[in-house]
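Okay, so here's the structure we're looking at.
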Amino acid sequence: MQIISFDYGTKKIGVAVGQTQTKTASPLNVIFNKKNKTNWDAIIEIIEEWKPELILIGMPLNMDGTDSEIMKRVVNFKKKLKNISSVKCEFIDERLTTFEARLEVKDLNIKTVDSHAAKILITARASVHTAVNTKIRKWNDGCEKHHSPTACVTW
Numbered sequence: 780m781q782i783i784s785f786d787y788g789t790k791k792i793g794v795a796v797g798q799t800q801t802k803t804a805s806p807l808n809v810i811f812n813k814k815n816k817t818n819w820d821a822i823i824e825i826i827e828e829w830k831p832e833l834i835l836i837g838m839p840l841n842m843d844g845t846d847s848e849i850m851k852r853v854v855n856f857k858k859k860l861k862n863i864s865s866v867k868c869e870f871i872d873e874r875l876t877t878f879e880a881r882l883e884v885k886d887l888n889i890k891t892v893d894s895h896a897a898k899i900l901i902t903a904r905a906s907v908h909t910a911v912n913t914k915i916r917k918w919n920d921g922c923e924k925h926h927s928p929t930a931c932v933t934w
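Each residue of the sequence shown is one higher than the one before, starting from 780 at the first, in the numbering used here.
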């Protein structure tokens, strides 16, 4: 299965691609937003080019599991993705992915880690079976219609 992941930010969005058959994931690029407005043209172009069967979106939670300041924007980002594409979209916990990505690229002299953080989302989905991700699955399966993200994603 072809997967695309997005590490959403107001200024830039990290993008990575993965393949379940080969069990690989790679950073793709960074989309730069214009005046804090999501660059949907670039996102649509990537979706059309890569034709994923699944889109992962990093769910920005605080370390205590509560919503981060940007959570509402990420929820709206997912809703818009679902409106512009027929591809299944899922949240995945992104806590510490940027920190891990910085460690990963430390010696590579790479200035932006966003696409590497997006890559970690794909590899994490393949290997993580924690309680919080089980609850994120409930959120992905329709809980968003009735609750806020933290109502479904709790410890």
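Ideal placement from N, C-alpha and C gives every residue a C-beta, glycine not left out.
Quantities reported herein were computed from a predicted structural model and do not represent experimental measurements.
Top-ranked residue by Cα proximity to A821, from K814, P831, I810, K830 | Here the closest residue by C-alpha is I810.
For T817 and K790, the rounded distance between their alpha carbons = The straight-line gap from Cα to Cα measures roughly 8 Å.
Go ahead and label D843 buried or exposed: buried means 16 or more other beta carbons lie within 10 angstroms of its beta carbon, across all protein chains shown.
-> Around the C-beta of D843, fewer than 16 other C-beta atoms lie within 10 Å, and the residue is accordingly described as exposed.
If I836 and K857 are in contact, beta carbons under 8 Å, what's the gap, nearest whole angstrom?
-> Indeed they touch by this definition, with Cβ atoms about 5 Å apart.
Under the three-state reduction of DSSP, which class applies to S894: helix, strand or coil?
-> Helix, per DSSP.
State the beta-bridge partners of V796 as determined by DSSP.
-> I783, S805, per the DSSP bridge assignment.
Would you decide whether M939 is buried or exposed? Buried here means 16 or more other CB atoms lie within 10 Å of its CB.
-> This structure does not reach residue 939, given that the chain is present from 780 up to 934, and the question cannot be answered.
Name, in chain order, the residues that DSSP records as bridge partners for E869.
-> When beta bridges are read from the DSSP output, E869 appears opposite L835.
Beta bridge counterpart(s) of F811 as assigned by DSSP | Looking at the DSSP assignment, F811 forms a beta bridge with K791.
Measure the alpha-carbon distance for T909 versus A880 and round it to whole angstroms.
-> Bear in mind that a pLDDT of 40 at T909, under 50, signals an unreliable position, so the number given afterwards is only what the model happens to contain. Between the alpha carbons of T909 and A880 lies a distance of about 20 Å.
Distance between T845 and A897 (C-alpha atoms, nearest Å) = Approximately 21 Å between the Cα atoms of the pair.
With a cut-off of 8 Å on the beta carbons, I'd call D872 and L840 a contact; round off their distance for me.
-> The beta-carbon distance between D872 and L840, rounded to whole angstroms, is 6 Å. This is short enough to meet the 8 Å contact definition.
Buried or exposed: which applies to I899, given that a residue is buried once 16 or more other Cβ atoms fall within 10 Å of its Cβ?
-> The residue in question, I899, is buried, as its Cβ has 16 or more Cβ neighbours within 10 Å.
Cβ neighbours of I792 in the same chain (closer than 6 Å, five flanking residues each side left out) | Counting only Cβ-Cβ distances below 6 Å, and skipping sequence neighbours, we find F785, I810.
Local Cβ density within 10 Å of E848, reported as buried at 16 or more and exposed below that | So E848 counts as exposed.
Return helix, strand or coil for D843, following the three-state DSSP convention.
-> When secondary structure is reduced to three states using DSSP, D843 falls in the coil class, being assigned neither helix nor strand.
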